[in-house]
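Numbering (this note's numbering), first residue to last: 103 to 173.
All remarks here apply to the structure that follows.
Now the structure itself:
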């Protein structure tokens, strides 16, 4: 499945000792990895799975908004 362009925020978590990748527009959609690249690759997989599950359950899928602003 070709993923729409959802923003992915990646940061290092000292508590988890891993990179965390969050997809703010998809509630609960996040992944981790031992490297930045691994976290990004895992996030892309999780986005696909999130979208597939939402379709199966008949839920609305948010349109990607592009770059979001967080403070």
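For each residue, glycine too, the CB sits at the ideal point set by N, CA and C.
As the structure is a prediction and not an experimental result, all values here were calculated from the model.
Query raised in the report: In its own chain, which residues sit with a C-beta less than 8 Å from the C-beta of residue 142, not counting the 5 before and 5 after it?
Result: 110, 112, 123 and 135
Query raised in the report: Once you ignore the five residues that flank residue 163 on each side, which residues in its own chain have a CB closer than 8 Å to its CB?
Result: 153, 156 and 157
Report task. For residue 124, write down the residues that DSSP places opposite it in a beta bridge. Result -> 111 and 132
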